[in-house]
Amino acid sequence: MPAQRADARRNYARILAVAEEEVATHGADASLEQIARTAGVGSATVRRHFPTRRALLEAVFRERIESLATRARELAEADDVRAALLDWLGALTVYSATVQGLATALLRDGELDPEHANPCVNTLAEAGEPLLRRAAQAGVVAPDVTPVDLVTLIAGIALTTQHHPDPATEATRLLHLTVAGISPRG
């Protein structure tokens, strides 16, 4: 693949910066035309860099998703695997609940779709798998819980609380209510 021209790299960076602001303000349905206008480029330029809305959303969330994945990998070796898993789920819940559009980016037509790759979900699931496996081996999580189950749960909580006056607090409260189902104390 040939290297991008300097102006194409600048356009990409400018579109992404504007998209981050627009998605933070308007959620996953932020206007692509408004993003193009604010970035000072045409709609075709936005489409060239981001052929679909999903591609744009994944790029917007990539850095934070990577940060959450890194946190999961760090916690995978913690002594208290239950506390480590809940720490990671809590961080994922707060971020998902407070950033408009993330839960929508994790879902395809209202559900996680195993038939289609979703880089956000794949990154989180792969990073969380060792943490979840250790928790299952320790008996603090039901053995049939999958990383995708957890991401689905968090996305659902985030969607449910997105219009709450304090979405992070409400999402955290709902996560705590569900923990007994995925991680019974024993």
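Count along the sequence shown from 1, add 461, and you get the number used in the working numbering. Quick reminder that beta carbons are idealized off the backbone N, C-alpha and C, glycines included.
Report task. Pick helix, strand or coil for residue 604, following the three-state DSSP scheme. Result -> Of the three classes helix, strand and coil, the one that applies to residue 604 here is coil, per DSSP.
**Report entry** Cβ distance (whole Å) where residue 628 is taken to contact residue 537 below 8 Å
**Finding:** Approximately 28 Å separates the beta-carbon atoms of residue 628 and residue 537; this is outside 8 Å, ruling out the contact.
Query raised in the report: What's the call for residue 622, buried or exposed, on a 16-neighbour Cβ count within 10 Å?
Result: Counting Cβ neighbours within 10 Å, residue 622 comes out buried, since at least 16 surround it.
**Report entry** DSSP three-state assignment for residue 512, whether helix, strand or coil
**Finding:** Here residue 512 sits in coil by DSSP.
Report task. Give the straight-line distance between the Cα atoms of residue 529 and residue 501, rounded to the nearest whole angstrom. Result -> Near 32 Å, if we compare the C-alpha coordinates of residue 501 and residue 529.
Query - Three-state secondary structure assigned by DSSP to residue 481 - result: Correct three-state label for residue 481: helix.
**Report entry** residue 544 versus residue 579: straight-line alpha-carbon distance, rounded
**Finding:** C-alpha of residue 544 to C-alpha of residue 579: approximately 28 Å in a straight line.
Query raised in the report: If we count Cβ pairs, one from each stretch, closer than 8 Å, do we get three or more for the region 515-533 versus the region 476-490?
Result: The region 515-533 and the region 476-490 touch, with no fewer than 3 CB-CB distances between them shorter than 8 Å.
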